[in-house]
Structures are given as structure tokens and as C-alpha cells.
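Engineer: Structure provided below as C-alpha cells; questions to follow.
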Amino acid sequence: MTPDGELSIHIEDVAPWKPPDGQPGRGMLLRTNRGDIQAVIHNDKSSKTSKAVIWVYGARGGFVGPGNGLYTELAEEMKSQFTSLRLDYRFPNDIPECVMDTLAGVSFLKATDHSEIVLVGHSFGGAVVISAAPLSDEVKAVVALSSQTYGAS
184 MTPDGELSIH IEDVAPWKPP DGQPGRGMLL RTNRGDIQAV IHNDKSSKTS
234 KAVIWVYGAR GGFVGPGNGL YTELAEEMKS QFTSLRLDYR FPNDIPECVM
284 DTLAGVSFLK ATDHSEIVLV GHSFGGAVVI SAAPLSDEVK AVVALSSQTY
334 GAS
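This note's numbering numbers the first residue of the sequence shown as 184 and each following residue consecutively.
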């Protein structure tokens, strides 16, 4: 928390991380001042792009849902066109913390030359992306799938 009572998060380091078995993409830890965020990145290193999508899950977080792997499938299928970042929450079901995790993902992508970022969230994740989007100029679009509205601002 900042002296004026605002919540804040910043990335201190990025480290490799082994994603759960069967998960494609490269695992990484975003080491922040508020704890580590597990993430999986999908990109085609041979094609440089400024476009990215952050895939945000429901209230329980994780890397499986929605639709038993839809985000994973889309991230792999589209990696030649844009970078995908799938995040797991540090504190699932806590909207302010999940919004900060999402913004840490935006910060990471911005630092890696991505300037056109789309946030996609399902259910609880819909409220997270609706709340996170206005806090970053790099976020150009939001997709809320079967979103809850409670907590969305």
C-alpha cells in the first residue's frame, strides 16, 4: 500500500517456472512486491508483435478453465499473431488483488514492447478485467465472457 492508501504492485524480477504437466507454453514467475505470480506465456519467437492478450480465469484461478482449456487452445493456436499471457492469481477470489495481478501482467507485456493489449476474463475474471482495463493505457479492449458484475468497476 502506498502512503496515500492506494494499492500498488510492481515487478521486481522474472524467473523461469515449470508449468503443470500437460500445459504448453513457457512458465515464468513474475516476482512482485506482493508475492509471486505464476504465468504461462505463448509466443512465436520468430515473429515480433506489439499485440498481446492476457487470459484471466474464474474465481479459483488456475490454468485449466474455462471450457477445459479454451484459453490454452486459443493461446497456442494464435501465438504467431499475438503473444498470450495466462495468469494464475496469488489470492483467488479477491478482486483487488486479482486486478493487481492482471496489471502486473500488463506491466510485463509493456516492458517487452507490447503496446496493444486485450484482457479476456471468464466469470469472476470478467469482473477483474473490467476493473483492470481503465487503469492502463496499453489495454485497448476487454472481453468479458459470462462475466459476473459484482466487483466490476
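Yeah, the Cβ is synthetic: ideal placement off N, Cα and C, and Gly gets one too. All values reported here derive from a predicted model rather than from experimental measurement.
For S182, count the other beta carbons within 10 Å of its own beta carbon; 16 or more makes it buried, fewer makes it exposed. Which is it?
Structural biologist: Lying outside 184 to 336, the shown extent of the chain, residue 182 is not represented and no answer is given.
Engineer: Within 10 angstroms of its Cβ, does T332 collect 16 or more other Cβ (buried), or is it exposed?
Structural biologist: Exposed.
Engineer: Pull up the DSSP beta-bridge partners for G218, would you.
Structural biologist: T215.
Engineer: Quick one: what's S267 bridged to in DSSP?
Structural biologist: The partner list for S267 (beta bridge, DSSP) reads H225, V236.
Engineer: When DSSP labels each residue in this structure, what does L278 get in the three-state scheme?
Structural biologist: A small fix is needed here, since residue 278 is Ile in this sequence, not Leu. Correct three-state label for I278: helix.
Engineer: Do you know offhand how far K228's Cα is from R273's?
Structural biologist: K228 and R273: Cα-Cα distance of roughly 28 Å.
Engineer: What span of residues does the alpha helix (DSSP H) with I313 cover, start to end?
Structural biologist: Where I313 is concerned, the enclosing alpha helix (DSSP H) stretches over 307–315.
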